[in-house]
Amino acid sequence: MPSDPVDPAAPVLVINAGSSSLKYQLVRADTGQSLATGLIERIGLDDGRARHTVDGTDHVTEQEVRDHAAAFDLLTAQFADHGPDLREAAPGAVGHRVVHGGAKFASTVRIDDEVLQTLRRLVPLAPLHNPGNIAGIEVALETFPDLPQVAVFDTAFHQTMPAAAFTYAVPLAWRQTLNIRRYGFHGTSHAYVSRRTAELLGRPLEDTNVVVLHLGNGASSCAVEGGRSVDTSMGLTPLEGLVMGTRPGDLDPGLPAHLSRVSGLTLPEFDHALNKESGLKGLAGDSDFRAIEQRRADGDEEATLAFDVVVQQLVRHLGSSALVLGRLDAVAFTAGIGENSAELRAAVLQRAGLLGIELDADANATARGETRISTTDSAVAAFVVPTNEEWEIAREAMQLLAHS
Ligand code: ADP
0 MPSDPVDPAA
10 PVLVINAGSS
20 SLKYQLVRAD
30 TGQSLATGLI
40 ERIGLDDGRA
50 RHTVDGTDHV
60 TEQEVRDHAA
70 AFDLLTAQFA
80 DHGPDLREAA
90 PGAVGHRVVH
100 GGAKFASTVR
110 IDDEVLQTLR
120 RLVPLAPLHN
130 PGNIAGIEVA
140 LETFPDLPQV
150 AVFDTAFHQT
160 MPAAAFTYAV
170 PLAWRQTLNI
180 RRYGFHGTSH
190 AYVSRRTAEL
200 LGRPLEDTNV
210 VVLHLGNGAS
220 SCAVEGGRSV
230 DTSMGLTPLE
240 GLVMGTRPGD
250 LDPGLPAHLS
260 RVSGLTLPEF
270 DHALNKESGL
280 KGLAGDSDFR
290 AIEQRRADGD
300 EEATLAFDVV
310 VQQLVRHLGS
320 SALVLGRLDA
330 VAFTAGIGEN
340 SAELRAAVLQ
350 RAGLLGIELD
360 ADANATARGE
370 TRISTTDSAV
380 AAFVVPTNEE
390 WEIAREAMQL
400 LAHS
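In numbering that gives the first Met the number 0, the protein residues as written are 0 to 403.
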């Protein structure tokens, strides 16, 4: 395909379409400057809500948003009403976040009919996430027919994992014919944060080993060796690994059979409970970490146990990731909890002395934005590094277009 000339300063319209929400950002790939952000929620319901933010001002609209096509109509209306004018801003590409790229997509791709077909075939691997992503792509192709559209996968960064790290010890037939393996997620965040961490350390990325702890509603750790993912805590699905808002993280694989025998639980019920009713919610009835912290401060036992379980699981994964790397230069905390919970970071790092990490309690307690939270004597550094998946997606999109 003949390539159009790419203006590296052109912004990218980054789209993160879920089954009932659409997040977007118009962002410059070269500087990360955000020109507008927006969130359209409750798609498919009669009480939809849209927020469009420009220059720090929120513009909120409440109206029915029937489907993804209506959501994109609202998106273009928001830009027309509140700016920036999309014709003047002249985005160079639309960058779509896609959760699961399977083993097929090891890097960012330009979207065409064949890519869309493959994405539809991958839906069984991420039935909760990929259909919304695909719906967003389909409508975006109609809404912006003249713009190149690019898919950036949460899984792609982890395609560098060695077989020993991505292979489950399960029957050969499952692995060979059903693609059962560890894929890992949050790759865009792990890529961005590990690169920023190397920059903050003043070391070349190729010679920097980092464990990234992405702790949001979803949470995963990643062992990054010289800029390449070599191990990660999430697996075939985003359920495995760390304790999350409503997902349990690591479990005994014997649990479904046991529950089916003793309580007649069906597979769909089990699936629902593990996706929506477990994690912090299962432990303390609340999936929001701020509420857990507040209740813990008030002496609530369930919230205290929930906090301790989260920390225990993080310590396990941090320790094993460090050993997988062999040499550790830094640990980076990111996403809603990682960036904001000084208590959680302290609780984890106070148990990481064995790794050579010495916490700077004051720096940790007052950290805002990118901050070193280990002492200057600490053999291994620790940082808070706010993630920026939209900028990473924009960079990926423009890099692909510049080289195609
Ligand atoms: P998502 O995975 O949905 O993008 P986020 O990265 O936004 O999630 O993280 C959401 C989590 O971050 C929630 O559990 C929320 O309570 C937590 N969080 C946000 N701000 C704070 C804060 N100031 N202190 C502790 N936790 C916070």
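Note that CB positions come from ideal geometry on N, CA and C, so glycine has one too.
Three-state secondary structure (DSSP) of residue i
i	result
M0	Confidence at M0 is low in this model, with a pLDDT of 44, below 50, so its placement is unreliable and the value that follows should be read with caution. Residue state, collapsed to three classes: coil.
Q24	strand
E224	strand
D206	helix
D45	coil
I392	helix
Q175	helix
A351	coil
A329	strand
L399	helix
Y50	The amino acid at residue 50 is misidentified as Tyr; the sequence shows Arg. Three-state result, R50: strand.
A168	coil
R371	strand
A346	helix
L266	helix
Residue range of the unbroken alpha helix (DSSP H) whose run includes residue i
i	result
Y191	G186 to L200
A380	No alpha helix (DSSP H) contains A380, which is instead part of the beta strand (DSSP E) from A380 to V383.
T365	A360 to T365
A155	Unbroken run through A155: none, as it is neither H nor E.
A334	A334 to N339
Span separating the alpha-carbon of residue i from that of residue j
i	j	result
L348	R394	32 Å
D287	A92	35 Å
A139	R367	36 Å
T159	S259	37 Å
P1	D111	Its pLDDT being 45, under 50, P1 is placed unreliably in this model, and the value from its coordinates should be taken loosely. Between P1 and D111, the C-alpha separation is close to 14 Å.
H271	H128	14 Å
A172	S377	47 Å
F184	R344	22 Å
R371	P247	30 Å
V98	S232	16 Å
C221	S319	10 Å
D54	D45	29 Å
P147	G82	22 Å
G31	G253	46 Å
V149	D80	26 Å
I392	V151	6 Å
Residue interval of the beta strand (DSSP E) (run including residue i)
i	result
P10	P10 to A16
S259	Premise fails: S259 lies in the alpha helix (DSSP H), L254 to S262, not in any beta strand (DSSP E).
I133	Taken as a continuous stretch (DSSP letters only), I133 belongs to no beta strand (DSSP E), being part of the alpha helix (DSSP H) at N129 to T142.
D57	T56 to E61
I39	S33 to E40
F165	No beta strand (DSSP E) contains F165, which is instead part of the alpha helix (DSSP H) from A162 to F165.
Nearest-angstrom beta carbon gap, residue j and residue i [assumed within contact, 8 Å]
i	j	result
V26	P10	6 Å
L74	G37	7 Å
G100	T154	5 Å
V314	V210	Rounded, the Cβ-Cβ distance is 12 Å, inconsistent with contact.
V310	L279	Their Cβ separation, rounded to whole angstroms, is 12 Å, which puts V310 and L279 out of contact at 8 Å.
N208	L317	Not confirmed; about 13 Å, so no contact.
E239	D249	6 Å
T142	L399	About 21 Å separates the two Cβ atoms, so there is no contact after all.
Report the residue ranges of all alpha helix (DSSP H) runs contained in full by the region 271 to 327; include only those spanning at least 4 residues, in chain order.
Taking only runs of at least 4 residues, the alpha helix (DSSP H) segments lying wholly in the region 271 to 327 are 278 to 283, 288 to 296 and 300 to 324.
Residue ranges of each alpha helix (DSSP H) within the region 56 to 123, 4 or longer:
Residue ranges of uninterrupted alpha helix (DSSP H) with 4 or more members, entirely inside the region 56 to 123 and ordered along the chain, are 67 to 81, 85 to 88 and 112 to 120.
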